[in-house]
Amino acid sequence: MVLYLTFKKEALIVSQEIITDVNRVADLMPTWMGKDFAFDLETTGISWVTDSILGIALSIEGERQYYVVHRHNVEQSDDTLVDTTFIPKLTLRHLFLGLFSQSDVKMIAHNSKFDMHFLLRELGIHVQGMLFDTLLASKIIDENKENGLKDLVELYASKIDMDAYAKYQDLPTYKGYKKTEFIGTPLEPAADYAMKDAEATYKLEKFFAKQLADKGLQEAYYDLWQPMIFVLFEMETKGIALNIKMVHDLMEKYQVIEQNAALEVRKAGMEMLLTTYKRLEDIPHLYWSMYRGVMPPFEDEHGPYVMEDGFRVPLMRPTERSAYRVLTFNPGSSAQLNDLVFKQTNIKLPPLVRLKTNKAGQYAVDKDNIETLLYYAGEDRPRILSEILTWKKASKFISTYLKRFIKDADPNNFYSIYTSFNQDGTNTGRLSSSGPNLQNIPSRGDVGQEARQVFIARPQHKLVVGDYSQMELRVMAHYSKDEQLLAAFAENKDLHILTGSAFAQMEYEDLLALYKSGDPRGKELRQLGKTGNFALMYGMGARKFQRYLLVNNGYEITVEEAQQWIDAFNAMYAGATAWKERVRTFILKNGYVKTISGRYRNLPDAFHRERWIRDTAVRQGINAVIQGSCGDIICSAMIGLQPALKALGGSILLQVHDELVTEVPEEQAQVAVVLMDTFMNSYGLVNKLSLPLVAEASVGDSWHDAKG
DNA sequence: GAGTATCGCGCT
DNA sequence: AAAGCGCGATACTC
Numbered sequence: 043m044v045l046y047l048t049f050k051k052e053a054l055i056v057s058q059e060i061i062t063d064v065n066r067v068a069d070l071m072p073t074w075m076g077k078d079f080a081f082d083l084e085t086t087g088i089s090w091v092t093d094s095i096l097g098i099a100l101s102i103e104g105e106r107q108y109y110v111v112h113r114h115n116v117e118q119s120d121d122t123l124v125d126t127t128f129i130p131k132l133t134l135r136h137l138f139l140g141l142f143s144q145s146d147v148k149m150i151a152h153n154s155k156f157d158m159h160f161l162l163r164e165l166g167i168h169v170q171g172m173l174f175d176t177l178l179a180s181k182i183i184d185e186n187k188e189n190g191l192k193d194l195v196e197l198y199a200s201k202i203d204m205d206a207y208a209k210y211q212d213l214p215t216y217k218g219y220k221k222t223e224f225i226g227t228p229l230e231p232a233a234d235y236a237m238k239d240a241e242a243t244y245k246l247e248k249f250f251a252k253q254l255a256d257k258g259l260q261e262a263y264y265d266l267w268q269p270m271i272f273v274l275f276e277m278e279t280k281g282i283a284l285n286i287k288m289v290h291d292l293m294e295k296y297q298v299i300e301q302n303a304a305l306e307v308r309k310a311g312m313e314m315l316l317t318t319y320k321r322l323e324d325i326p327h328l329y330w331s332m333y334r335g336v337m338p339p340f341e342d343e344h345g346p347y348v349m350e351d352g353f354r355v356p357l358m359r360p361t362e363r364s365a366y367r368v369l370t371f372n373p374g375s376s377a378q379l380n381d382l383v384f385k386q387t388n389i390k391l392p393p394l395v396r397l398k399t400n401k402a403g404q405y406a407v408d409k410d411n412i413e414t415l416l417y418y419a420g421e422d423r424p425r426i427l428s429e430i431l432t433w434k435k436a437s438k439f440i441s442t443y444l445k446r447f448i449k450d451a452d453p454n455n456f457y458s459i460y461t462s463f464n465q466d467g468t469n470t471g472r473l474s475s476s477g478p479n480l481q482n483i484p485s486r487g488d489v490g491q492e493a494r495q496v497f498i499a500r501p502q503h504k505l506v507v508g509d510y511s512q513m514e515l516r517v518m519a520h521y522s523k524d525e526q527l528l529a530a531f532a533e534n535k536d537l538h539i540l541t542g543s544a545f546a547q548m549e550y551e552d553l554l555a556l557y558k559s560g561d562p563r564g565k566e567l568r569q570l571g572k573t574g575n576f577a578l579m580y581g582m583g584a585r586k587f588q589r590y591l592l593v594n595n596g597y598e599i600t601v602e603e604a605q606q607w608i609d610a611f612n613a614m615y616a617g618a619t620a621w622k623e624r625v626r627t628f629i630l631k632n633g634y635v636k637t638i639s640g641r642y643r644n645l646p647d648a649f650h651r652e653r654w655i656r657d658t659a660v661r662q663g664i665n666a667v668i669q670g671s672c673g674d675i676i677c678s679a680m681i682g683l684q685p686a687l688k689a690l691g692g693s694i695l696l697q698v699h700d701e702l703v704t705e706v707p708e709e710q711a712q713v714a715v716v717l718m719d720t721f722m723n724s725y726g727l728v729n730k731l732s733l734p735l736v737a738e739a740s741v742g743d744s745w746h747d748a749k750g
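Written as structure tokens, this is what we have:
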């Protein structure tokens, strides 16, 4: 089946061809070589780990488009569909290996890393050479714009000489297929869509390349973001190994904890309902769920019921004919928990302490509020509050982490899990991680220790973990030239003690001595300083700071006192305070800031008529300079580090904003430590700073060990 | 049943 | 009225 479509669009000839025949590809291939092209893979879904290729769309110089079909549904005469393979994978590999190995042509794609995964995993083709990614370019040109391909075509239609075309969701689908399944769309519209994507991608590159030059973003794009694609691609492909036995053990342990806590909470919840409401009919609909037990249920003089964990749980029927419903208290429901926590317990809080409220105006039933209640409950603190906290912690650990690990671990690669590191996930230029997110693995407390012990080096390997210390404060010192900060870093002072001394109106040396003497007050003040550094760097307000100290440090002060502490902080770091003022003025005048790589953070809200929206924009801008520059710096280090580690037989596995987790053959561990030191502390963008950064690397068999 | 909004919580 | 994320569960809508 060969289909030619050629039509005129203004003066431009657009040609499309669906190719299902091996020989046709072989004939055309020589005409494709040596020319810039855009490519776009169509796949069964959006997971590069589990989904597979359906076809390859190409745009040769934006003029001729092809859709090379690997697999698609074919309609039979009896209207049934047959999933048909046209050009087999092995053939595709032979046909396309040369094309993707060219070093002298531009290969353009939208979110190229995604396509590269399929090309490698399914066709064994390692994309090398001059890659241009229109998603990244769009993001770097304007981080506030939508950067989906269709959004961009709509946005820039006139610039790239293309009309908007049907969105994916608007394509026709065969019966029984979801809108998200490419194979569920008839071949012609599907291929047309794919080829337009490729064509648009090709044309966008021309426009974006010029934009990058015009806006002075070439360095940021070509030297930082584009090379990062290859670094991240290798990290993602490698994955990180799990101690799967330990995951299962933890699962068992925490399931017991969760179940025990759930039972207590459910009991307390039921009791609350039955005492609050005299009649079952008055208990809100929220608490009645479908009864799925044996029929008919028990019945006594109070009505139908069921026994659960040795307790009588009532059933009811809204009408005589409707199904039984069973009274349920679900600790995972914030609405239900709210009733239990705030109607049942009667804890008096000091007037200066305010609980957090949610959007609906209700008191939130989150960890912070419950801890605050517990703190003020005095002697007879309701045991149920701590049970709720126990349940929350255990269920979070199980559902978000343990379950996911068991589901995703790859038995063919030492039970590794694969994540995606996204370069377009943030507006500041940090990376984000998804599917699963490996940047929010617990790190504190028992759960943190257990969670990170699960991440291990493969056999005969070691994990080498490098960590910048005080990265954001150091970058702040660079930008602000704050004397206190610069001196403190130069003299290797303890920043938390320094800030703590400002709060306590003490001399640095005195607090240091107190801390070193082991006096609990020294420790407490250092902890306070630590909280302060974290909270105040970007200008947390007095209210929030007060709450924050209460929750984090159990420190009870008035809003006025909180304000005094903030003033003390701002006075101590006067240079930083002045710098923030200068940035504020700049943002309100210009509506943007730049990071150390020259990347922009645009803040249109700086011109908003409402004061607090402008203030938010200013805080975001100050944050973006610091956070974004940190992001740039660690990426720059990774670009140097990655090939160096590779030469040792190692690789970078994870990046967690100021931390790199790497893996090397065990005999190379000490060499890797030196490499990490070299690249994190003195390679690339870090050299632009007026003070050194300090990153230290250490070796271990697990993520936890290597940091301990 | 699928999709969406909200809440809540893990990380730096 | 710190910033920046991703994700899971529930409640609700279509």
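Per the numbering used here, numbering of the first sequence is gapless, rising by one per residue and ending at 750. Backbone N, C-alpha and C fix where the C-beta goes; we use that ideal spot for every residue, glycine too.
Contact set for residue i: own chain, Cβ-Cβ below 6 Å, skip 5 residues either direction
i      : result
Gly311 : Phe371, Leu382
Asn153 : Leu177
Pro346 : Pro339, Leu357
C-beta contact flag for residue i and residue j at 8 Å
i      : j      : result
Ala242 : Leu213 : no
Leu567 : Phe545 : yes
Glu708 : Lys504 : yes
Leu645 : Gln669 : no
Asp488 : Asn189 : no
Glu705 : Tyr460 : no
Leu246 : Asp157 : no
Phe81  : Ser180 : no
Secondary structure of residue i, DSSP reduced to three states
i      : result
Val496 : coil
Glu598 : coil
Ser744 : strand
Val660 : helix
Met43  : Because the pLDDT at Met43 is just 46, under 50, the model does not fix this residue reliably, and the point stays unresolved.
Lys181 : helix
Thr399 : strand
Val368 : strand
Glu350 : strand
His114 : strand
Ala53  : Because Ala53 carries a pLDDT of 46, less than 50, the predicted location of this residue cannot be relied on, and the following value inherits that uncertainty. Coil at Ala53, not helix or strand.
Thr704 : strand
Ile638 : coil
Glu84  : strand
N-terminal and C-terminal residue of the alpha helix (DSSP H) that residue i is part of
i      : result
Met314 : 286-318
Asn751 : Here the chain covers residues 43 to 750 and nothing more, so residue 751 does not appear.
Pro562 : 562-578
Of the residues the options, the one placed nearest residue i, counting alpha carbons only
i      : options                        : result
Gln260 : Ser639, Asp125, Ala493, Val713 : Ser639
Asn388 : Asp410, Ile426, Gly352         : Ile426
Asn302 : Thr399, Trp433, Glu350, Ile183 : Trp433
Pro685 : Arg589, Phe447, Met718, Tyr405 : Met718
Leu630 : Leu702, Pro453, Arg446, Ala659 : Ala659
Glu230 : Ala151, Val713, Val116, Val715 : Val116
Ser732 : Leu528, Gly673, Glu549, Asp193 : Leu528
Lys796 : Arg359, Tyr216, Ser511, Asp524 : Residue 796 lies beyond the residue range present for the chain, which begins at 43 and ends at 750; the question has no answer from this structure.
Phe601 : Ser145, Ala99, Phe128, Leu394  : Sequence check: residue 601 is Val here, not Phe. Closest by alpha carbon: Leu394.
Arg66  : Thr85, Tyr109, Leu96           : Tyr109
Gly374 : Arg367, Asn411, Leu431         : Leu431
Gly352 : Ser143, Glu306, Ser101         : Glu306
Glu429 : Ala304, Gln502, Gln378, Asp422 : Ala304
Residue range of the unbroken beta strand (DSSP E) whose run includes residue i
i      : result
Lys257 : Counting along the chain, Lys257 falls outside any beta strand (DSSP E), and DSSP gives it neither H nor E.
Ser475 : 474-476
Thr126 : 123-127
Met172 : 172-175
Asp342 : 340-342
Asn31  : Given a span of 43 to 750 for the chain in the structure shown, any question on residue 31 remains unanswerable.
Phe224 : Unbroken run through Phe224: none, as it is neither H nor E.
Beta-carbon proximity list for residue i, same chain, < 7 Å, skipping 5 on both sides
i      : result
Asn594 : Thr573
Lys730 : Ile638
Tyr642 : Tyr634, Lys636
Gln697 : Phe463, Leu473, Ile676, Met680
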